[in-house]
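Taking it in order: structure first as structure tokens, then the write-up.
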């Protein structure tokens with residue numbers, strides 16, 4: 003490649019990364035409220051010392067020990083607040099970009115495909131959203147990219163230090179991501195195969211493989227085996243464990259989960275800009291991914307197919323064994339692999355349809371397809387400005403309209419977020435009487451019974467888990483006891499002030 007072309011390519015890649023990073027930082031700076039799951043995990047981080055994080059967490063939460071310790075480090079430096087808790091996921095998302103481009107280009111032997119895959123990643127709202135989620139999902143994706151980079155990068159640094167890089171990356175990955183065992187198993191299987199076939203590879207790969215197995219064993223016996231939350235987690239995720247093939251619901255489960263991937267995870271969600279009533283991107287995504295798999299098979303690119311599809315198959319098998327559920331946020335780490343397959347197929351399609359055109363034009367058409375069918379459509383239908391359960395504006399209104407002698411009833415689903423924001427000083431209700439509601443799902447009268455002893459001005463704080471019918475039933479019951487003085491309807495959170503008799 004000519005020096006000028008090389009400089010232009012690098013400028014294009016780094017400019018694209020810069021644009022994606024701006025999206026990530028913008029989402030982070032919006033500083034949306036922690037929602038239920040985040041608040042439950044955040045509570046353990048801010049309320050426990052580092053040694054206590056090695057023990058089971060509150061609210062039956064589960065997270066990798068190294069992830070928890072890093073979160074604790076950032077809160078120790080920057081204080082207990084939302085932005086401090088989200089710094090590490092943001093850094094993981096940012097570091098994912100160069101790692102993905104590098105190993106994607108190396109695996110496909112084509113930097114244009116690596117660039118297309120990078121563009122697709124930037125077109126994925128789920129990636130942008132979870133980059134500022136105080137959970138380990140963005141970290142899981144970073145770990146997969148780090149493992150693949152260590153194993154397959156053709157950069158001079160990676161080639162010179164392959165043995166140490168693989169050993170260190172794998173050892174850290176085990177304690178940084180619970181799902182790291184899947185990419186480690188897939189990559190480890192390939193490296194073991196190479197050791198069997200080529201004696202020269204044994205010197206490079208034997209030590210990393212031994213280190214990986216040892217670390218997985220330590221992590222299993224220290225943090226996974228006999229974990230008291232295991233039964234709770236299995237019950238919670240029961241619908242996301244794959245049935246065995248001979249079970250009646252097997253086909254329906256596969257169709258549902260497959261539909262979820264293309265309609266929820268990948269940048270192929272929602273109706274088309276051009277035909278609003280037809281889910282064109284969703285259908286295009288399925289056709290493109292399926293066609294790309296066929297193309298890889300026909301072109302005998304079994305290594306790439308194994309590395310990109312193998313983790314999906316292994317995750318499904320673990321799901322069938324009820325070891326790890328197959329849910330969108332839990333498979334976010336595989337997003338780069340889905341996109342790499344799609345980018346490979348898109349590049350091959352453009353080469354076939356426009357084989358008469360210069361290479362630059364073919365590449366431009368491929369990038370244009372990404373922009374028209376994925377980027378524009380994804381952000382049109384699912385803006386990355388999602389606020390989740392934005393309870394902070396609601397708490398602000400309550401702070402401004404709170405007096406001693408007031409009552410506050412905290413709905414069951416709002417308890418973790420309220421507890422967290424009270425601890426960091428955001429919810430300041432002074433001398434108000436606080437009643438923490440219990441779970442009465444399916445029995446809304448139970449909430450009214452808990453509030454029966456409350457008299458006078460009473461705030462009803464609600465967030466997460468309530469159905470519209472349940473909420474209206476409670477509000478009607480409160481209205482019978484006294485007038486509604488004030489209400490504030492936030493995004494996913496509400497507060498109502500009643501003067502109860």
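In the numbering used here, the protein residues as written are 3 to 503. Note that beta-carbon positions come from the ideal geometry of N, C-alpha and C, so glycine has one too.
Note that the C-beta distance between residue 290 and residue 347 is below 8 angstroms. Secondary structure of residue 445 (DSSP, three-state): coil. If you check the CB distance, residue 58 and residue 229 come in under 8 angstroms. DSSP lists no bridge partner for residue 137. Three or more Cβ pairs closer than 8 angstroms define a contact, and the region 47 to 54 meets that threshold against the region 73 to 93. With a 10 Å radius around the Cβ and a threshold of 16 neighbouring Cβ atoms, residue 238 comes out exposed.
For residue 437, the closest of 464, 285 and 469 by C-alpha to C-alpha distance is 464.
Inclusion of residue 500 and residue 484 in the CB contact set at 8 angstroms is warranted, their separation being smaller than that value.
The beta carbons of residue 342 and residue 371 sit about 16 angstroms from each other, so the pair does not count as a contact at 8 angstroms.
Between the region 80 to 90 and the region 113 to 126, the count of C-beta pairs closer than 8 angstroms stays below three; the two stretches do not touch. Each of 246, 249 and 287 was checked against the Cα of residue 262, and the nearest Cα belongs to 287.
Judged by DSSP in its simplified three-state form, residue 64 adopts coil rather than helix or strand. Scanning its chain for C-beta atoms nearer than 6 angstroms, with the 5 sequence neighbours on each side dropped, one finds around residue 108 the residues 154, 155 and 156, in chain order. In the displayed model, residue 324 falls within coil according to three-state DSSP, outside both helix and strand. For residue 464, the pairing in a beta bridge is given by DSSP as 496. Measuring C-alpha to C-alpha distances from residue 34 to each of 128, 134 and 352 identifies 134 as the nearest. Between the region 299 to 317 and the region 174 to 190 there are three or more C-beta pairs closer than 8 angstroms, enough to call the two in contact. Around the beta carbon of residue 301, fewer than 16 other beta carbons sit within 10 angstroms, so the residue counts as exposed. In this structure, residue 211 keeps its C-beta atom at 8 angstroms or more from the C-beta atom of residue 192.
Secondary structure of residue 376 (DSSP, three-state): helix. In this structure, the alpha-carbon of residue 426 lies about 54 angstroms from that of residue 351. In this structure, DSSP gives residue 502 an extended state, which the three-state scheme calls strand. Minimum Cα-Cα distance from residue 177 among the listed residues 205, 105 and 213 corresponds to 213. Counting only runs of at least 4 residues, the region 5 to 93 fully encloses the following alpha helix (DSSP H) elements, listed from N- to C-terminal order: 5 to 31, 38 to 49 and 67 to 80. Runs of alpha helix (DSSP H) with 4 or more residues, each lying fully within the region 192 to 269, are found at 201 to 221, 232 to 238 and 252 to 262, listed in chain order. Per DSSP, residue 181 is not a residue of any alpha helix (DSSP H), being assigned neither H nor E. When C-beta atoms of the region 486 to 501 are compared with those of the region 59 to 75, fewer than three pairs fall below 8 angstroms, so the two segments do not count as touching. Residues of the same chain with a CB within less than 6 angstroms of the CB of residue 365, apart from the 5 flanking positions on each side, are 114 in chain order. Per DSSP, reduced to three states, the secondary structure at residue 426 is coil, with no helix or strand assignment.
A distance below 8 angstroms separates the beta carbons of residue 132 and residue 331. It is roughly 38 angstroms from the alpha-carbon of residue 216 to the alpha-carbon of residue 15. If you check the CB distance, residue 390 and residue 494 come in under 8 angstroms. Residue 205 and residue 335 have their alpha carbons spaced roughly 30 angstroms apart. With respect to the C-alpha of residue 100, the residue from 23, 376 and 169 having the closest C-alpha is 23. Nearest neighbour of residue 207 by Cα position, chosen from 170, 232, 182 and 231, turns out to be 170.
If you look at residue 436, you'll find it in the beta strand (DSSP E) that goes 435 to 438.
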